[in-house]
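Peer 1: Chains as they are written, first to last, in the working numbering: chain A, 15 to 204; chain B, 4 to 805.
The C-beta atom is built at its ideal place from N, Cα and C for all residues, glycine as well.
1) Measuring CB to CB, does residue 370 of chain B end up less than 7 Å from residue 398 of chain B?
2) Can you confirm whether the segment 299-315 of chain B touches the segment 107-125 of chain A when touching is taken to mean that 3 or more C-beta pairs between the two stretches lie within less than 8 Å?
3) Going by DSSP, what residue range makes up the alpha helix (DSSP H) through residue 64 of chain B?
4) Give me, in chain order, the residues of the same chain whose beta-carbon lies closer than 8 Å to that of residue 202 of chain A; leave out the 5 immediate sequence neighbours on both sides.
5) Report yes if the C-beta distance between residue 14 of chain B and residue 229 of chain B is below 7 Å; otherwise report no.
6) Helix, strand or coil for residue 718 of chain B per DSSP?
7) Buried or exposed, going by whether 16 or more other CB atoms sit within 10 Å of the CB of residue 187 of chain A?
8) Against chain B, does residue 191 of chain A count as a neighbour if the rule is that its beta carbon must be under 7 Å from one of theirs?
9) For the beta strand (DSSP E) that contains residue 344 of chain B, what are its first and last residues?
10) Consider the Cβ of residue 683 of chain B: report whether some Cβ of chain A lies at a distance smaller than 7 Å.
11) Measuring alpha carbon to alpha carbon, tell me which of B:424, B:239, B:794, B:650 ends up nearest residue 168 of chain B.
12) State buried or exposed for residue 17 of chain A, treating a residue as buried only when at least 16 other CB atoms are found within 10 Å of its CB.
13) My output table needs one value for residue 162 of chain A: the three-state DSSP class, helix, strand or coil.
14) Between residue 74 of chain A and residue 426 of chain B, is the Cβ-Cβ spacing less than 7 Å?
15) Beta carbons nearer than 7 Å to chain B: which residues of the segment 48-72 of chain A have them?
16) Which same chain residues, not among the five before or five after residue 111 of chain B, have their C-beta less than 8 Å away from its C-beta?
17) Are the Cβ atoms of residue 613 of chain B and residue 785 of chain B separated by less than 7 Å?
18) What do you get for residue 590 of chain B, buried or exposed, if any count of 16 or more other CB atoms within 10 angstroms of its CB means buried?
19) Are residue 299 of chain B and residue 191 of chain A touching if we call contact CB-CB under 7 Å?
20) Taking the alpha carbon of residue 315 of chain B as the point to measure from, which residue in B:303, B:325, B:27, B:323 has its own alpha carbon closest?
21) Three-state secondary structure (DSSP) at residue 398 of chain B?
22) Nearest by alpha-carbon distance to residue 367 of chain B: which of B:387, B:342, B:357, B:376 is it?
23) Return the CA-CA distance between residue 239 of chain B and residue 179 of chain B, expressed in angstroms with no decimal places.
24) Restricting to Cα atoms, I'd like to know which of B:25, B:48, B:478, B:242 is closest to residue 184 of chain A.
25) Where does residue 151 of chain A land, buried or exposed, given buried means 16+ other C-beta within 10 angstroms?
26) Quick check: the Cα distance between residue 76 of chain A and residue 558 of chain B, rounded to an integer number of angstroms?
27) Just to confirm, are residue 678 of chain B and residue 685 of chain B a CB contact at a threshold of 7 Å?
28) With residue 677 of chain B as the anchor, note down where its beta strand (DSSP E) starts and where it stops.
29) Measuring only between beta-carbons, confirm whether residue 12 of chain B sits less than 7 Å from chain A.
30) Please compile the residues from chain D whose C-beta is within a distance smaller than 7 Å of the C-beta of residue 175 of chain A.
31) What runs of the alpha helix (DSSP H), each 4 residues or longer, lie entirely inside the segment 115-159 of chain B?
32) Relative to the alpha-carbon of residue 69 of chain A, which residue among B:246, B:485, B:420 has its alpha-carbon at the smallest distance?
33) Determine, for residue 327 of chain B, whether the minimum Cβ-Cβ distance to residues of chain A falls below 7 Å.
34) Quick one: measure Cβ to Cβ for residue 564 of chain B and residue 6 of chain B, integer angstroms, because I've assumed they're closer than 8 Å.
35) Can you check which of these residues, B:714, B:716, B:380, B:682, is closest to residue 703 of chain B by C-alpha distance?
36) Between the segment 381-406 of chain B and chain A, which residues of the former have a C-beta closer than 9 Å to a C-beta of the latter?
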């Protein structure tokens, strides 16, 4: 029997679909969007890359993220995503993600694992030492030779924030200024 | 952004200058293309023929760093060809204002320049005032000292021929762009300008932005649907991090961080609260005392009282510039002991990055909080160094990703959108909120036992629940603000009753006497008695303009297009009846449409009318600025490293910028113009993308893009290893030979350009040399943003870096 190229391809595609789905192909079958995520928990999020603010839906199963895709309800992206947004799943599931608190001692050639409590206690001590040693309560201004109260911690700088949530940025700002940190900067300056 | 992403669809012309939305904000193209489907024209102005250019109706090639010449020429074109929106210019901008007799401009220098200090005294640029202290005006715009005439004179020098010989643009392309965009100077047309780092990363970056704003004001394009000056911001929450004051010169809500001579709260408020004698000017920043006191109450709670100046003394006072580049300089001199990086990677992201990597080794301690190993966190084992020689103690803390915590982020269009926690953080990773909370609590405990001036820490109000994780909704509520006591507020014909602890509904109810708390006044209204407005998902679109007022929440007061009082004429009638942003209902005596820029009736209302530019003390958009560090009008200067002489004046570079030592305009050594850029598949310093296999597969390695002519001249083929060198250092990378780059004709000579992405570094899955090894540490006179976009370099075949 003569089979045209077109008929052959059609038959092939149907056969492939059967193999993939493992059951008879039908309308609303395993490949239908609603089936792919059936039984999964979903929540919405906003893309962490550029500032267009596209919406995504995150699907989880037993507390694990199993799928992330564009939010079709979102008025800006209407479900569409760029290559970075589409790859958000690999931020959530990635063996290179940092999982432990790591510490590198002065002059050491390696990181060592530490507990949060140990690291936070030591960082707190470092912050306090630096603040106590470099705190400038007053200074003489060179132009008018007068003394001014400045209450500033000179020896410490805080960087970053463009990847933080608003509530985190706010607390970071509040904490930094309470510490007397004038050296407060982030990505918007570069 | 004055407007927002979806609003791009309302434009008749879209000018993308110094940005590449198709590449770096890909989903924005959905709305740009929606505009094009309705006949809107896309115009791309860029040194490279970008993905955006490939979609554009008009493309003009521009030499890096010559944007003021380009935009100044468009200002001149609009004025000469009578394409401006005259009523808008006369009524809403400072065109009619008279400038004092001292103002002068000569050979690239404005009056009052101190050549020793490299600074201007902007007082010399002030308006001439009448007996009552108000600026003098001439509504006929004919007075030779009025802003309009000075502007006309200033930009008359920016002829098409002059501009094109500076920018290297083909004359026919330039005229096509000027014509297409300036045609939106009519009341029934809208033009939007999109920009990004191509505009800001320059020694005259702020003046570049001003030039876009001035052109838009002349064309009547600010405040309207499909108009505006729109910064396409690069990080998901760089809008929010700016809003919350993570910059040396700011406190949350764009309040200024105190300077050393603001000796007490009174002096601070005196210095930073602008004044006007004109009853028609809303002068919104006149509310500075209310916002400042509400912030101090949020920070110091009951400890902040009227008697102690609401703990103003606890704030650090600045004396000078602590911008990113200055901090790196300080670090290099060993003047910093400690550095904390919250998701920032200065070893890749800043200019002259070899110097920054060296400087990190001068720290006593370094904390990085990130999802990944970054070049900064492993700087001590970077290629070419011996870890034994580096004494810095390093703490690398694992942070939760965006889907592993709850909170809001603000997009470029100022929409604060809520995100939910989908899963627990991986391993021992923790949210930044948890980490910051731990820092604060441990510091409070440590300072209870004493130390240098402990009160700012021990008295800090810090109550975010009893749980292990701080309660993010409590933080969001504090940001919005609440009443500290029962209050009765009479607002026109309404009497409002509030109880202590009630959320403040909007910032007009904030007080300067301590009776309200608000951590960031511009977000007041985001979390009210009706709940978390940022989490809203209602798709109603009553105006039909795509504003979606009940989707998320946008600052200020959910106003989707700011300066929208300029979208109507002085009687409140929309300039464009087809795209009505707001309209005055004379019967009901109220505005309809978007949230107006203030409730007052239209400007012509004799009793209560107000000018539309409410954030400026004189209420009018500034074609002529009074507070820039480098002049009232944007003027063309060459980038600090340039292959060209400034044709416009004898002043080669921005006179208000001090030039550091490691710069070179020796074109014999460095004959090519270097420029850096970004791409869809990677993001910023690369940590967030260079470890994602799908993206690494798409763009696996660092490359250097050159033209076919330069490739031929240097004997370089596509895929060859090349070395690129500047006065700062050299890198190796693969050559990408394309027809997207073309040389420029600069004063009779063909000058080639070299394009470099800056996403790469030595950490992560895909590694490569960093473009920023090459870039200079010199920045904008106003903002100190580095000149990443225009420098001089050389390129050679063969890979060895120096």
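Peer 2: Per the coordinate set shown:
1) yes
2) no
3) Premise fails: residue 64 of chain B lies in the beta strand (DSSP E), 61-64, not in any alpha helix (DSSP H).
4) 176
5) yes
6) coil
7) buried
8) yes
9) 341-345
10) yes
11) B:650
12) Model confidence at residue 17 of chain A stands at a pLDDT of 44, short of 50, so the residue's coordinates are unreliable; what they give is reported in the following sentence. Its Cβ having fewer than 16 others within 10 Å, residue 17 of chain A is exposed.
13) strand
14) yes
15) 57, 58, 59, 60, 61, 62, 63, 64, 65, 66, 67, 68, 72
16) 638, 640, 649, 651, 652, 653, 654, 658
17) no
18) exposed
19) no
20) B:303
21) strand
22) B:342
23) 35 Å
24) B:478
25) exposed
26) 37 Å
27) no
28) 675-680
29) no
30) In summary, chain D is missing from the structure at hand, where the protein chains are A and B.
31) 150-159
32) B:420
33) yes
34) 5 Å
35) B:682
36) 381, 383, 384, 389, 390, 391, 392, 393, 394, 395, 396, 397, 398, 399, 400, 401, 402, 404, 405, 406
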